[in-house]
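Written as structure tokens, this is what we have:
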């Protein structure tokens with residue numbers, strides 16, 4: 009049976025203690041030995057945290073985010089699954105009880121102090137994929153609102169959740185991504201954020217505006233982070249049947265099918281894809 013690195017470190021410390029004792033230096037050496045042991049323990053813990061690929065997913069409690077948790081768990085990833093209200097995330101908690109590598113954390117992407125606190129909690133954890141999925145989608149009422157009836161509070165919330173939230177999360181976790189092997193930031197965007205592919209009609213004001221802002225932010229960020237080898241991609245998941253209304257739309261995809269195809273795309277990403285806007289099939293999306 010092979011000895012663990014921690015056991016080897018312990019043997020070394022015992023040896024040092026014997027040497028110092030032999031020379032009558034134990035009183036001087038104890039603080040040094042304690043500090044050394046703490047450093048070794050910290051290094052061992054960091055290595056243990058980074059022994060497998062890791063993803064952080066925002067909005068992991070339902071829909072596309074939850075399906076990413078399922079499929080990445082099947083690939084033996086460590087998953088930091090965040091949700092604004094973890095207590096209500098029944099399916100996510102069920103998955104976590106079966107898999108110790110699914111770590112559920114509370115995160116409201118609009119609460120910047122909470123974002124920073126989570127980043128600090130995982131400061132020694134490299135994050136291979138930062139999956140920016142949390143979003144505020146349109147309701148039947150807000151989707152069809154015209155200028156005279158727009159709800160400005162919904163507009164503000166849409167920008168905060170769909171654009172500023174991802175900005176803050178990516179800022180807080182950038183060092184974690186840079187410390188990883190894959191170095192990827194993936195955002196769930198939408199064709200609604202495209203000036204060309206989106207619906208050419210006076211609907212979805214808030215949602216379109218917020219997704220366009222998300223795209224521009226990440227496209228701009230890609231120029232800054234490419235020197236660090238970070239690949240940033242905006243993904244349009246297609247029309248995904250995450251609710252009864254969407255399931256009735258022509259060409260609607262099952263959530264599992266959309267996520268499976270997106271994972272295939274993510275697997276094939278290279279630094280040349282940095283800053284690109286693509287769909288679940290890997291095809292370029294017009295801005």
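In our numbering, the protein residues as written are 9 to 295.
We put the CB at the ideal spot given by N, CA and C, even for glycine.
Inter-residue spacing [alpha-carbon to alpha-carbon] between residue 207 and residue 222: 17 Å
For residue 285, which beta-bridge partners are listed by DSSP? 242
Might you give, ordered along the chain, the residues of its own chain that have their beta carbon closer than 7 Å to the beta carbon of residue 134, omitting 5 neighbours on each side? 58, 62, 184, 187, 188
Using CA atoms only, rank isn't needed, just tell me which of 166, 116, 118, 177 is closest to residue 138. 177
Quick check: the Cα distance between residue 263 and residue 82, rounded to an integer number of angstroms? 16 Å
For residue 281, the nearest candidate out of 153, 231, 248, 174 (CA to CA): 231
Starting from residue 196 and walking both ways along the beta strand (DSSP E), at which residues does that stretch end? 192-196
Exposure label - residue 192; buried when at least 16 CB within 10 Å: buried
Based on the DSSP secondary-structure assignment, which residues constitute the bridge partners of residue 63? 87, 137
Specify whether the segment 138-148 and the segment 165-173 touch according to this definition: at least 3 beta carbon pairs, one from each stretch, less than 8 Å apart. yes
Can you give me the start and stop residues for the beta strand (DSSP E) that residue 113 sits inside? 110-114
Using a Cβ-Cβ cutoff of less than 8 Å, which residues in the same chain neighbour residue 53 once the five nearest sequence positions on both sides are dropped? Low local confidence applies: a pLDDT of 45 at residue 53 is under 50, so the model's placement there is unreliable, with the coordinate-based value given in what follows. Here the set comprises 132.
Quick one: give me the first and last residue of the alpha helix (DSSP H) that residue 123 is part of. 120-129
Sheet register partners of residue 248 (DSSP bridge): 261
With burial defined as no fewer than 16 other Cβ atoms inside 10 Å of the residue's Cβ, what is the status of residue 294: buried or exposed? exposed
Suppose the cutoff is 7 Å on Cβ atoms and the five residues either side in sequence are ignored; what does the same chain contact list for residue 179 look like? none
Since residue 104 and residue 112 are thought to touch, with beta carbons under 8 Å apart, how far apart are those beta carbons, to the nearest angstrom? 5 Å
Does residue 98 pass the burial test, meaning 16 or more other C-beta atoms within 10 Å, or should it be called exposed? exposed
Since residue 240 and residue 229 are thought to touch, with beta carbons under 8 Å apart, how far apart are those beta carbons, to the nearest angstrom? 6 Å
Selected residue, minimal CA-CA separation from residue 218, among 226, 276, 201: 201
What's the C-alpha gap between residue 77 and residue 90? 10 Å
Buried or exposed for residue 50, please, with buried defined as at least 16 other CB atoms from any protein chain shown within 10 angstroms of its CB. Because the pLDDT at residue 50 is just 44, under 50, the model does not fix this residue reliably, and the value given afterwards should be weighed accordingly. With fewer than 16 other Cβ atoms within 10 Å, it is exposed.
Do you know whose CA, among 243, 195, 136, 109, lies nearest residue 86's CA? 109
Exposed or buried, which one is residue 93 when buried takes at least 16 other CB atoms within 10 Å? exposed
Quick check on DSSP: helix, strand or coil for residue 292? strand
In whole angstroms, what is the alpha-carbon distance linking residue 129 and residue 246? 34 Å
Does the Cβ of residue 285 have 16 or more other Cβ atoms within 10 Å, making it buried, or fewer, making it exposed? buried
Rounded straight-line distance, which links the Cα of residue 102 to that of residue 72: 17 Å
Starting from the C-beta of residue 198, find all residues in its chain whose C-beta is less than 7 Å away, skip the five residues before and the five after it, and write them out in chain order. 219, 244
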